[in-house]
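See below for the structure under consideration.
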Amino acid sequence: MLQQYLDGWGLNWVSALISQQFTRYIIGVLLILVLFWVIKKLVKKYLFPWVERLTGKSQNEMDDKIAAAFFRPVEWLIALTGWFMVLRYLPLSPNLDQILVDIYRSAIIALIAWGFYVLAAGESILYREFKEKFKIDDILIAFLSKVLRFIIIALALVVIVQEWGYEVNGFIAGLGLGGLAFALAAQDALSNIFGGIVIIMEKPFSIGDWIVTPGVEGIVEDINFRSTKVRAFDQSLITIPNSTLAKEAITNYSRMGKRRITFHLGVTFDTPRSKLEQCVLQIREMLKNHPDVHPETIFVYFEQFNDSSLDIFLYFFTNTTVWQEYLAVRQNINLKIMEILEELEISVAFTSRSIYLENIDGLTVPGE
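Residue 268 in our numbering sits at position 240 of the sequence shown, and the numbers go up by one each step.
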């Protein structure tokens, strides 16, 4: 009577468990679990090392990475197959049996996607040759890795949904409309992303570069697809949207091959012509022999009569572009110029005005 009642509800496996077949089912389940446990251990101990040795003999690293990416999914596949066989061994109803098959097939798809997901990591060998060939920045590689991983997950979900008998065409069309609405609602974010792509592809600057824009000056600390972080010289951290940077003029001082120094040296009007000529020659010679001055362009000339000085024009470049080293070179040159002026007994002029008082009939000069 109980067996007929259970069979009527599709629970014939319960009646089997409480019948004389209980022992047979228990033994069968244990044998299946032990068998697949042994298979898993053998595969992990012997098959995986053999595959590693086999792929290690080739010159290409790709097969090593592919094998390593699928080791863990294969372990899980063996374990899931064992439990799948255990459940199939039990006398389940046809409906439950079909659900079990669908779950098993979905798990296989997920495990395959897991392997490709690991293979698509940013540090994968897949990107190395691509990066070297096209000179792509590491940030763009990370972005491509995220996009590829997203595609792998999306494809796996679509295939799993199809395995369960659902229609995905309408779902994909809905994603297209939803994507359009999202794009319209996130124009600023998308413009920052495209600005980041432009910056990464064109490389107007890199991390560590000293840049100047119309609104910011400092050292680049971070570049991502939404913004760029710049450390100003007062140590404040400035975050600039990439869409703004992509539209602005950017001066990159770190990309200079040499750094310019130009200024006027004013000497007093009472400097004799001979001393002025000697001063110009000695300064020019000093710059030509200076180890930190670029020899290609050195201009030192008596340029003009200013309001309160005789101006010597200096124009040259330092070999270094590093700010601190540049300041040290500039200081050294200034001290050498002072030494030349002292040797020639030439005084540096400063802005001054002379007032001349003349006796005018009818006026009394104070103090007389």
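In this text, a Cβ means the ideal position worked out from N, Cα and C, and glycines have one as well.
From what residue to what residue does the beta strand (DSSP E) around T83 run? Residue numbering aside, residue 83 sits at position 55 when the sequence shown is read from its first letter. Note, T83: premise wrong, no beta strand (DSSP E); alpha helix (DSSP H) at 76–84.
Straight-line CA distance for Y354 to T256? Within the sequence shown, numbered from 1, the residue matching residue 354 stands at position 326. Within the sequence shown, numbered from 1, the residue matching residue 256 stands at position 228. If you take the alpha carbons of Y354 and T256, they lie about 26 Å apart.
Relative to the alpha-carbon of P232, which residue among I60, T267, A274 has its alpha-carbon at the smallest distance? For this step, residue 232 is matched to residue 204 along the sequence shown. Out of I60, T267, A274, A274 has the C-alpha closest to the C-alpha of P232.
In three-state DSSP terms, what is L118? In the sequence shown, the residue the question calls residue 118 occupies position 90. Here L118 sits in coil by DSSP.
Quick one: Cα of F341 to Cα of F327, how far? Here residue 341 corresponds to residue number 313 of the sequence shown, with the count starting at 1. Here residue 327 corresponds to residue number 299 of the sequence shown, with the count starting at 1. Between F341 and F327, the C-alpha separation is close to 7 Å.
P122 classed as buried or exposed, judged by whether at least 16 other C-beta atoms fall within 10 angstroms: By one-based count along the sequence shown, residue 122 stands at place 94. Under this definition P122 is an exposed residue.
Which full runs of the alpha helix (DSSP H) of 4+ residues lie inside the region 242–307, going along the chain? 270–273
Please classify F378: does DSSP put it in a helix, a strand, or coil? As a working mapping, residue 378 is identified with position 350 in the sequence shown. F378 falls in the coil class under three-state DSSP.
Helix, strand or coil, according to DSSP, for V350 in the structure here? The residue labelled residue 350 in the question sits at position 322 within the sequence shown. DSSP places V350 in coil when its eight states are reduced to three.
Can you name, in chain order, every residue of its own chain whose Cβ lies under 8 Å from the Cβ of I365, other than the five neighbours on each side? Here the question's residue 365 lines up with position 337 in the sequence shown. L293, I311, M314, listed in sequence order.
Residues that DSSP places opposite Q332 in a beta bridge: Residue mapping note: residue 332 aligns to position 304 of the sequence shown, counting from 1. Q332 is bridged to D339.
Using CA coordinates, which residue listed in F144, R100, I179, Q190 is at the minimum distance from S134? Here residue 134 corresponds to residue number 106 of the sequence shown, with the count starting at 1. S134 has its Cα closest to that of Q190, out of F144, R100, I179, Q190.
Can you tell me where the beta strand (DSSP E) holding V71 begins and where it ends? Within the sequence shown, residue 71 is the residue found at index 43, counting from 1. It is not in any beta strand (DSSP E) - V71 carries neither H nor E in the DSSP assignment.
Between T346, I374, V226, which lies nearest to S302 when the distance is taken from Cα to Cα? Counted from its first residue, the sequence shown places residue 302 at position 274. Cα-wise, what sits closest to S302 is I374.
For V357 and T349, believed in contact at Cβ under 8 Å, the rounded distance: Taking the first residue of the sequence shown as 1, we reach residue 349 at position 321. Taking the first residue of the sequence shown as 1, we reach residue 357 at position 329. Going by Cβ atoms, the distance from T349 to V357 rounds to 11 Å, so no, they are not a contact pair.
Please say whether G246 and I239 have beta carbons closer to each other than 9 Å? Locating residue 239 in the sequence shown gives position 211, counting from the first residue. Locating residue 246 in the sequence shown gives position 218, counting from the first residue. Yes; because the gap between Cβ atoms is below 9 Å, this pair is in contact.
In terms of residues, what are the limits of the beta strand (DSSP E) holding W238? For the purposes of this step, residue 238 is taken as the residue at position 210 of the sequence shown. Segment 238–240, the beta strand (DSSP E) holding W238.
Exposed unless 16 or more other CB atoms sit within 10 angstroms - verdict on P101: Mapped onto the sequence shown, residue 101 falls at position 73. That one is buried.
For F345, the residue or residues it bridges with in DSSP: Your numbering for residue 345 matches position 317 in the sequence shown. DSSP output for F345 lists R288 as bridge partner(s).
Pick helix, strand or coil for I179, following the three-state DSSP scheme. For the purposes of this step, residue 179 is taken as the residue at position 151 of the sequence shown. I179 falls in the helix class under three-state DSSP.
Tell me the DSSP bridge mates of V321? Taking the first residue of the sequence shown as position 1, residue 321 is located at position 293. BP columns for V321 point to T346.
Under three-state DSSP, which class holds I169? In the sequence shown, the residue the question calls residue 169 occupies position 141. Helix at I169.
Which residue's Cα is closest to the Cα of P269: F99, W65, D250, E103? To locate residue 269, count along the sequence shown from 1; it is residue 241. Among F99, W65, D250, E103, the Cα nearest to that of P269 is on D250.
Among I136, T379, Y329, F344, the one whose alpha carbon lies nearest that of F297: Taking the first residue of the sequence shown as 1, we reach residue 297 at position 269. Here the closest residue by C-alpha is T379.
What is the rounded straight-line gap between the Cα of M284 and the Cα of L265? On the sequence shown, residue 284 is found 256 positions in, with the first residue counted as 1. On the sequence shown, residue 265 is found 237 positions in, with the first residue counted as 1. Each residue's Cα considered, the two are about 24 Å apart.
For F327, list the residues DSSP reports as bridge partners. By 1-based counting over the sequence shown, the position of residue 327 is 299. Paired residue(s): Y343.
Could you name the residues of the same chain whose beta carbon sits closer than 7 Å to that of N334, not counting the 5 residues immediately before and after it, in chain order? By 1-based counting over the sequence shown, the position of residue 334 is 306. Around N334: G294.
Measuring alpha carbon to alpha carbon, tell me which residue in V187, H322, F64, F178 is nearest W104. Sequence index remark: in the sequence shown, residue 104 carries index 76 (1-based). Cα-wise, what sits closest to W104 is F64.
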